[in-house]
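Peer 1:
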Amino acid sequence: MKSSLKRIRIFAAKVLSTTRAALQEVFDEAAYSRFLNRAGIASSSEAYAAFRREFEEAKMRRPKCC
Amino acid sequence: MNRTLAFLGWVGVAVLGAAAVGAIAIHRGEPINALWLVAAASCCYALGYRFYSKFIATRILALDGLRATPAERLENGRDFLVTNKWVVFGHHFAAIAGPGPLVGPVLAAQFGYLPGTMWVLAGAVFAGCVQDFVILLFSVRRDGKSLTEMAKNEVGRVGGFIAYVAVIAILIILLGVVALIVVNALKASPWATFTIAMTMPIALMMGIYLRRIRPGKVLEVSTLGFVLVLAAIWGGQYVSQNVALAKLFTFSAPTLAILIMVYGFAASALPVWMLLAPRDYLSTFVKLGTIGLLAVGIVALHPTLHMPALTRFVDGSGPVFAGKIFPFAFITIACGAISGFHALISSGTTPKMIARETETRMVGYGAMVAESAVAIMAIIAACVMQPGLYFAINSPAGIVGQTPEATAATISSWGFPLTAASMQSLAHAVGEQTLFNRTGGAPAFAVGMAHIFSHSLGGERLMALWYHFAIMFEALFILTILDAGTRVARFMVQDALGHVYQPLGRTSWYPSILATSGLIVGAWGYFLWQGVKDPLGGINSLWPLFGIANQLLATVALCVATTIIIKMHRARYAAVTLVPLAWLIAVTFTASWHKMFDPSPRVGFLAQARVLAAGPIPMTSATARVIFNNRLDAAVTGVLVVMVTLVLVESARQWIGILTGAREERVKESAFVRTRFAEEEG
Chain A
9 MKSSLKRIRI FAAKVLSTTR AALQEVFDEA AYSRFLNRAG IASSSEAYAA FRREFEEAKM
69 RRPKCC
Chain B
4 MNRTLAFLGW VGVAVLGAAA VGAIAIHRGE PINALWLVAA ASCCYALGYR FYSKFIATRI
64 LALDGLRATP AERLENGRDF LVTNKWVVFG HHFAAIAGPG PLVGPVLAAQ FGYLPGTMWV
124 LAGAVFAGCV QDFVILLFSV RRDGKSLTEM AKNEVGRVGG FIAYVAVIAI LIILLGVVAL
184 IVVNALKASP WATFTIAMTM PIALMMGIYL RRIRPGKVLE VSTLGFVLVL AAIWGGQYVS
244 QNVALAKLFT FSAPTLAILI MVYGFAASAL PVWMLLAPRD YLSTFVKLGT IGLLAVGIVA
304 LHPTLHMPAL TRFVDGSGPV FAGKIFPFAF ITIACGAISG FHALISSGTT PKMIARETET
364 RMVGYGAMVA ESAVAIMAII AACVMQPGLY FAINSPAGIV GQTPEATAAT ISSWGFPLTA
424 ASMQSLAHAV GEQTLFNRTG GAPAFAVGMA HIFSHSLGGE RLMALWYHFA IMFEALFILT
484 ILDAGTRVAR FMVQDALGHV YQPLGRTSWY PSILATSGLI VGAWGYFLWQ GVKDPLGGIN
544 SLWPLFGIAN QLLATVALCV ATTIIIKMHR ARYAAVTLVP LAWLIAVTFT ASWHKMFDPS
604 PRVGFLAQAR VLAAGPIPMT SATARVIFNN RLDAAVTGVL VVMVTLVLVE SARQWIGILT
664 GAREERVKES AFVRTRFAEE EG
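Protein chains in written order, with this note's numbering: chain A, 9 to 74; chain B, 4 to 685.
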């Protein structure tokens, strides 16, 4: 019984973390983190502006479906 | 033991699926419960995914878990990136899910719930999911190349060029049609217009928050934006009740069309990320949330479908759009069953994120299953309404009558009882002055969704709020597609013009930005204006044109897929893409022929032009314009068909050449590199 509950808890935590990761990818938060890691800088107003400049054209070229 | 249990489990799914499909196919007379559709869909998707996609994965594509993907080989931390399969799934689904699977099934509900449901299920399992899956895998094996590049490399230069032109044509027609849907949803509705107008200051506030207060915290600010949008929806009722404010937010269809064109141009030509990027996030947030909420609402309420299985309009005399069930049901429902546009996403960002080849099955096939489920929800939302109400909302005044009484009499004479008072009462319940002639599918979907939500959460008194929530959701969603689509088309045109005159290809050169933005907005704006001025509501001519263009792009994608399968020495399995291709050729070419040459003026563009030309002399300028537009639509359809015919001929030459040994069978895949994950896993 205890081990079943533990398994359920682990599974639920995995589902939550994957959903969170998917949302972060969809909403470009993950792309911003990668940008900060690559540039080796901390998050700031200037860093976000630089990220948008680099990211914007690539994002604008992505088709969105109907 | 486990194998036996699994076998028995799948037999159970098959029996339940067969029973549910049988029930919705055979049942006539009394209304049925929506859960039959849910059960049929769930079982078909489960069986299709478990068995058909596995067959394709193992027998035809031979997915290789040891082969490194471009995400691994070319990883650069930007576009090429190894990503968790569920994260890629969410990303891919968010990119393919648009208004198409919501609007198309609502319009096709004029034939009854049965044709749309059957096509969505069969089309998705055997065609749409297969297309998305194989194109994704083929792109993964070619370093994430796009559909147009694959067409050029595998089919020939003609294929590549035509795929490129078809994409631009579809984008333009699509943008014109979806803009028309927004216009029809917002016209004479101060509540809805106010809500959409409020998304602009909300988005600007989100932009400032993202830039200055909490840089990069998109999920956080989207949640905040969503709460503010809900407040705007709630406040909209007071705007609609205040005479002075209501006047300020009440626009005619032509005025709204002009405003949307100005918006599209500004979004494409000006550096307005502070407005557009947050709106895009807000739209995605609302889209994913609403789809989830609708699914829960349908299962919780399990409403009764009042629309019959088949209506009298299968004969082609439908008021929503004219044309017989074949081919028009299959043209009208595009994205929920098969959409050529998905091939662009499957060969765009997604292949650059896939970690293992084996994951293409879940992402490509699986995400399309989820999209198809959205289409089933749209069918349910349209069919929970009384049919009389559905037809009153979706039919143009030119068909059903200019006054409420005349409309009610016409629709009642078709066997769908309706009174002007019941329509007035529904309009009052959703906070609108009228719901007559709200063509385009969006208002009908909003009424259905409001019906489901208000019965699940909050009761009848929240009907108006749910209706305007649904309208806001669709309009916000569509406006995002309008600005993103205009920019994508602008980049494509700039890339092409750059070959003619280099500075035109520079995406930062302002004269080029202004010229190409004007060109694209002018093109889709022309179709929008045509729809707004069309006495038959515009949707009648433009939605089939969009459906034909979208399915023709799917034809190109399936030609590419079939060519590659034959080159892979898997010709004996080519039917997997060849059968959907043959079906699409039959559907799109028949529909195109009808739209061009059908003698009925409600169906055929040229017939309508002829009837109008034979009218009273002197002809008004409006009539002359409608005649010209009909001839233009016929020409556009003809050009698309000729182009796709050329791709088909080019592909068939390849197939025959390979099968007879006259041509060399060689796929242009990137070289095999063993994945590092294999070593890591031991």
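Positions of the beta carbon are idealized from the N, C-alpha and C atoms, including for glycine.
Just so it is clear, the structure is predicted and the values come from calculations on it, not from any experiment.
Who are the Cβ neighbours of F96(B) in its own chain at under 8 Å, not counting the five residues just before and after it?
Peer 2: Hits under 8 Å: A370, A373 and E374.
Peer 1: Closer than 9 Å by beta-carbon distance: list the chain A residues that pair up with H94(B), in chain order.
Peer 2: Here the neighbours are A30, E33 and V34.
Peer 1: Check R282(B) in the structure and name its three-state DSSP category.
Peer 2: It is helical.
Peer 1: Does chain B have any CB closer than 8 Å to the CB of A66(A)?
Peer 2: Closer than 8 Å to some Cβ of chain B, the Cβ of A66(A) qualifies, so yes.
Peer 1: Can you tell me whether R359(B) is helix, strand or coil according to DSSP?
Peer 2: Three-state result, R359(B): strand.
Peer 1: What residue range does the alpha helix (DSSP H) around L222(B) cover?
Peer 2: Residues V221 to Q244.
Peer 1: Can you tell me where the alpha helix (DSSP H) holding W546(B) begins and where it ends?
Peer 2: Its alpha helix (DSSP H) spans residues I542 to K570.
Peer 1: Closest Cβ-Cβ distance between L548(B) and chain A: below 8 Å?
Peer 2: No, L548(B) does not count as interfacial toward chain A.
Peer 1: With the cut-off set at 8 Å, would you say A557(B) and L587(B) are in Cβ contact?
Peer 2: Yes, Cβ-Cβ distance for A557(B) and L587(B) is below 8 Å.
Peer 1: According to DSSP, T196(B) sits in a beta bridge with which residue or residues?
Peer 2: For T196(B), which the question treats as bridged, DSSP gives no partner whatsoever.
Peer 1: How far does the alpha helix (DSSP H) with K67(A) in it reach, from first residue to last?
Peer 2: First-last of the alpha helix (DSSP H) with K67(A): S53 to M68.
Peer 1: Examine the ligand MN and report whether any of its heavy atoms sits within less than 7 Å of the Cβ of P602(B).
Peer 2: No copy of the ligand MN appears in this structure; indeed no ligand is present at all.
Peer 1: Flag A97(B) as yes if its beta-carbon sits less than 8 Å from any beta-carbon of chain D, otherwise no.
Peer 2: Of the protein chains in the structure, A and B, none is chain D.
Peer 1: Would you say F268(B) lies against chain A (beta-carbon separation less than 8 Å)?
Peer 2: Chain A, which has no Cβ nearer than 8 Å to the Cβ of F268(B), makes this no.
Peer 1: Compute the Euclidean distance between the alpha carbons of C73(A) and L347(B), then round it to the nearest angstrom.
Peer 2: Cα to Cα, C73(A) sits roughly 9 Å from L347(B).
Peer 1: Give, in chain order, every unbroken run of the alpha helix (DSSP H) that is at least 4 residues long and sits entirely within the region 586-633 of chain B.
Peer 2: List check, alpha helix (DSSP H) in window: 608-616.
Peer 1: Quick check on S255(B) - is its C-beta less than 8 Å from some C-beta in chain A?
Peer 2: So, not an interface residue.
Peer 1: Which of the three DSSP states, helix, strand or coil, is assigned to T442(B)?
Peer 2: DSSP places T442(B) in coil when its eight states are reduced to three.
Peer 1: Between E360(B) and R70(B), how many whole angstroms is the CB-CB distance? I'm expecting something under 8 Å.
Peer 2: Rounded, the Cβ-Cβ distance is 5 Å, consistent with contact.
Peer 1: I need the straight-line Cα distance from D498(B) to E37(A), nearest angstrom please.
Peer 2: One C-alpha to the other measures close to 29 Å.
Peer 1: To the nearest angstrom, report how far apart L392(B) and P73(B) are at their CA atoms.
Peer 2: Cα to Cα, the separation comes out at about 52 Å.
Peer 1: By the criterion of Cβ-Cβ separation under 9 Å, what are the contact partners of K10(A) in chain B?
Peer 2: Those do not exist, as K10(A) stays about 24 Å from chain B at its closest Cβ, beyond 9 Å.
Peer 1: If distances are taken between C-alpha atoms only, which option among L105(B), L117(B), P274(B) and A111(B) comes closest to A26(B)?
Peer 2: Ranking the options by Cα distance to A26(B), first place goes to L117(B).
Peer 1: Which residue from M264(B), R315(B) and F129(B) puts its Cα closest to that of G115(B)?
Peer 2: Minimum Cα distance to G115(B) is reached at R315(B).
Peer 1: List the residues of chain B whose Cβ lies closer than 7 Å to the Cβ of R69(A), in chain order.
Peer 2: Within chain B, the residues near R69(A) are V491 and F494.
Peer 1: Go ahead and pull the three-state DSSP assignment for L308(B).
Peer 2: L308(B) falls in the strand class under three-state DSSP.
Peer 1: Would you grab the beta carbon distance between T335(B) and P547(B) for me? Rounded to a whole angstrom, and I think it's under 8 Å.
Peer 2: So it is a contact: roughly 7 Å between Cβ atoms.
Peer 1: Could you say which of A312(B), G219(B) and L40(B) lies nearest to F59(A) if we only look at CA atoms?
Peer 2: Among A312(B), G219(B) and L40(B), the Cα nearest to that of F59(A) belongs to G219(B).
Peer 1: Can you tell which of A111(B), A627(B), A17(B) and Y529(B) has the C-alpha that lies nearest to the C-alpha of A312(B)?
Peer 2: Measuring from the Cα of A312(B), the nearest candidate turns out to be A111(B).
Peer 1: Short of 8 Å Cβ to Cβ, which residues in the region 271-297 of chain B face chain A?
Peer 2: For the region 271-297 of chain B, which is checked against every Cβ of chain A, the residues closer than 8 Å are W276, A280, Y284, T287, F288 and L291.
Peer 1: In angstroms with no decimal places, state the Cα-to-Cα distance between T580(B) and F600(B).
Peer 2: Cα-Cα distance, rounded: 30 Å.
Peer 1: Are at least three pairs of beta-carbons, each pair with one atom in the region 423-433 of chain B and one in the region 153-167 of chain B, less than 8 Å apart?
Peer 2: Short answer: they don't touch.
Peer 1: Identify the residues that DSSP records as bridge partners of N36(B): which are they?
Peer 2: Partner(s): T307(B).
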